[in-house]
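Residue numbering for the sequence shown follows full-length UniProt numbering, beginning at 1 and increasing consecutively.
Beta carbons are placed, not taken as given, at the ideal position from N, Cα and C, and that holds for glycine.
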Amino acid sequence: MNNSLIRNLIKNNSKKINRTHILCVGDLILDQYIYGNVERMSPEAPVPILSINEENFQLGG
Numbered sequence: 001m002n003n004s005l006i007r008n009l010i011k012n013n014s015k016k017i018n019r020t021h022i023l024c025v026g027d028l029i030l031d032q033y034i035y036g037n038v039e040r041m042s043p044e045a046p047v048p049i050l051s052i053n054e055e056n057f058q059l060g061g
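Put into structure tokens, the structure is as follows:
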């Protein structure tokens with residue numbers, strides 16, 4: 001995941017928090033959810049090839 005995406009997520013969500021201080025000690029985990037339809041199976045491995053309809057990011061862990 002690139003740094004600009006993480007910065008945008010933090011910037012957009014920080015507007016919801018008013019005068020709150022947050023300290024993160026350790027790792028910050030961001031979950032990525034991808035929704036779509038399986039178009040076919042990969043010929044190289046038993047892995048589905050997905051047509052992405054929606055992508056979602058949430059704090060996780």
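Would you give the residue range spanned by the beta strand (DSSP E) that residue 51 belongs to? First-last of the beta strand (DSSP E) with residue 51: 48 to 59.
To the nearest angstrom, how far is it from the Cα of residue 64 to the Cα of residue 57? Outside the displayed range of the chain (1 to 61) lies residue 64, so it cannot be described from this structure.
Per DSSP, residue 36 forms a beta bridge with which residues? For residue 36, the pairing in a beta bridge is given by DSSP as 52.
What number of angstroms, rounded off, separates the C-alpha of residue 36 from the C-alpha of residue 20? A straight line joining the alpha-carbon of residue 36 with that of residue 20 spans about 37 Å.
Do you know how far the Cα of residue 38 is from the Cα of residue 54? Cα to Cα, the separation comes out at about 13 Å.
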